[in-house]
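Chains as they are written, first to last, in our numbering: chain A, 413 to 530; chain B, 9 to 570. All C-beta atoms in this analysis are idealised placements derived from N, C-alpha and C, irrespective of residue type, glycine included.
Okay, structure coming up:
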């Protein structure tokens, strides 16, 4: 996907690479305590081999880049604020690395983790 | 306040806090102080934001989060400390904005959890709850980044534990915590490379420091409304304004230009100056510093002696303020605002204005005459004629700026031999919008036509307090409620100013426009107005929001939406 042509050839960035950046950025975002499998197969494969793009989906239709991410948030934080700041952080990091605008970052809150407090 | 009274006041505040146990009500006061001090310094915090992540500005986000925490307890009569701090945590959680706000709310959550059994605050539980706050804050992220507010929370917890070995007094522990927070913030660039590259400290950590320091400053009786270390370019140093706010005990104004021998430590510098006087401002340009201060008569040479110890003095000005004040008062009585001069054959504009700030705006846009008047004080026809009769031109345009004054303006137009046009503007924003179209040398009919067009292009909002219970346009209004009018029509009655402003903008479809100007009235403090402007900024991040001192009576706000 996401190509660029230079005089000596072209550059392609795979959706998987974008997903890896997303994954790393998400885990550094405050309030996000993990990513969740988007479906059963994803869940199973992650048990077999640690996947660096776990819980992230990247779509590229030749024009638009759309990122879907499935996250787990710490119980007791304000979900809306956490979700919007993780979306912003991901967009920032991916756009910085890629130099291309991201059309959508969709955050799916799959679950909450309850720590032993309260 | 003179120095002696200030000292006495500080001592009394300190004694009061140290003699009585710190309960829920005392916590409320401290939360308010932390919020105020953070807000005073929010621009400093905003300026530290190095991530261009559109997380909003850290300072604003933290202020809004703390505001929500304070609002939660503002009217609570609770004396139990544990219950109160739980409400604080709840309020912070509900209002958490942005990344820094979320982390801040987690810190409050941890603090609350560590102290929920407490009737009053004690040293032991203060220390253990800071440890709890650290743990809760770190739990919220998989890969904590060091050199952020998290690190500051961790360093605070460690310092608190050490402090407990020496003292059990919560205020003494707070002192050590504030010190540790300050040092920790200063170390953040060493831990986080982006900060080091940008040459700043972490914004969130600095915000947390201001909240804690605000509490301590309150306990020590220090002021919470003047930001400390501010250095501005020499060209922006507006020393004229400082004189408007002088108080007894500030008899002399001393301005010293100097070149420091070693880099100036601003914080120490300000602290030293604070001991000598008030209204401190420091400016810098090309290595020369200019220091401005107001001092009592007996201390008039101290700022000079002090700066001499820091470097080479190049210039000193000393002025007797009392004398200067009297002169300014005399001038002010003669001409309140700087009106624009009119040449023969030019078009002169006469504007009716309800407040000094609004008059200044009209004058700065080129009004040749101002007539005082507004909703409850309608000027007479004669007042209006007086304003233009002696001007050296025949062409006059009147902006009544209120629907009750249009009639008087029209009769003024009929009673003179000059060519007078009355633009039927019913509100201040309409008048200002017309004012922007003034071309003094333009064709009279053309200018008039443009102004008539202009007044249709702006939406006017007005916020005021209902003086009686009534029902207008199907809206029930109770006496004392805050009501909002959009283009003169009542649209909303609410309990708070903030709700009212936001509700009004919502009804006006503000997001479709570009610029909102708020003129705040005589009955509202700049601080309050600033707070509301910030809330509006946060709600409409794409619009430009301007705040102006309108000085009008009765109306807390007049809003121009264009």
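Residues bridged to residue i (per DSSP)
i              : result
residue 298(B) : 265(B) and 291(B)
residue 471(A) : 478(A)
residue 484(B) : 479(B)
residue 422(A) : 417(A)
residue 356(B) : 404(B)
residue 4(B)   : Residue 4(B) lies beyond the residue range present for chain B, which begins at 9 and ends at 570; the question has no answer from this structure.
residue 385(B) : 382(B)
residue 6(B)   : Because chain B in this structure spans residues 9 to 570, residue 6(B) falls outside the shown range and cannot be described.
DSSP three-state assignment for residue i, whether helix, strand or coil
i              : result
residue 525(A) : strand
residue 70(B)  : helix
residue 532(A) : The question about residue 532(A) has no answer, for chain A in this structure spans 413 to 530.
residue 508(A) : helix
residue 276(B) : helix
residue 107(B) : helix
residue 114(B) : helix
residue 230(B) : coil
residue 325(B) : strand
residue 501(B) : strand
residue 435(A) : helix
residue 82(B)  : coil
residue 557(B) : strand
residue 260(B) : strand
residue 206(B) : helix
residue 528(B) : strand
residue 446(B) : coil
residue 447(A) : strand
residue 309(B) : coil
residue 248(B) : Because the pLDDT at residue 248(B) is just 47, under 50, the model does not fix this residue reliably, and the value given afterwards should be weighed accordingly. Residue state, collapsed to three classes: helix.
residue 150(B) : coil
residue 346(B) : coil
residue 120(B) : helix
residue 173(B) : coil
residue 488(A) : coil
residue 483(A) : strand
residue 467(B) : strand
residue 461(B) : helix
residue 429(B) : strand
Cβ-based burial, residue i [other Cβ within 10 Å; buried from 16]
i              : result
residue 73(B)  : buried
residue 590(A) : Outside the modelled stretch of chain A, which goes from 413 to 530, sits residue 590(A), for which no answer is possible.
residue 28(B)  : exposed
residue 89(B)  : buried
residue 504(B) : exposed
residue 325(B) : exposed
residue 423(A) : exposed
residue 97(B)  : buried
residue 480(B) : exposed
residue 535(B) : exposed
residue 343(B) : Below a pLDDT of 50, predicted positions are generally treated as unreliable, and residue 343(B), at 49, falls in that range; no measurement from the model is reported.
residue 322(B) : exposed
residue 24(B)  : exposed
residue 577(B) : Only positions 9 to 570 of chain B appear in the structure, and residue 577(B) is not among them; the question remains open.
residue 352(B) : exposed
residue 346(B) : exposed
residue 53(B)  : buried
residue 488(A) : buried
residue 77(B)  : buried
residue 475(B) : exposed
residue 415(B) : exposed
residue 157(B) : buried
Supposed close pair residue i, residue j - CB separation, criterion 8 Å
i              : j              : result
residue 556(B) : residue 529(B) : Not quite, the Cβ-Cβ distance comes to about 11 Å (not below 8 Å), so this is no contact.
residue 443(A) : residue 494(A) : 3 Å
residue 571(B) : residue 137(B) : With chain B covering 9 to 570 only, the question about residue 571(B) has no answer from this structure.
residue 208(B) : residue 46(B)  : Not confirmed; about 18 Å, so no contact.
residue 115(B) : residue 161(B) : 6 Å
residue 472(B) : residue 564(B) : 6 Å
residue 215(B) : residue 66(B)  : 6 Å
residue 479(A) : residue 514(A) : 6 Å
Stretch-stretch touch, CB-based, cutoff 8 Å, three pairs: the region 299-308 of chain B with the region 277-288 of chain B:
Flag = yes, the region 299-308 of chain B and the region 277-288 of chain B touch.
For the region 100-113 of chain B against the region 127-134 of chain B, do three or more pairs of beta-carbon atoms, one drawn from each stretch, fall closer than 8 Å, so that the two count as touching?
no
Counting Cβ pairs closer than 8 Å, one from the region 542-556 of chain B and one from the region 439-458 of chain B, do we hit at least three?
no
When the Cβ atoms of the region 181-188 of chain B are set against those of the region 471-491 of chain A, are three or more pairs found closer than 8 Å?
Judged by pairs of C-beta atoms under 8 Å, the region 181-188 of chain B does not touch the region 471-491 of chain A, as fewer than three such pairs exist.
Examine the Cβ distances between the region 508-524 of chain B and the region 481-497 of chain B and report whether three or more of them are shorter than 8 Å.
yes
Should the region 353-362 of chain B be regarded as contacting the region 309-319 of chain B, the criterion being three or more beta carbon pairs within less than 8 Å?
no
What are the residues of the region 517-549 of chain B that lie near chain C, defined by any Cβ-Cβ distance shorter than 8 Å?
Among the protein chains in the structure shown, which are A and B, there is no chain C.
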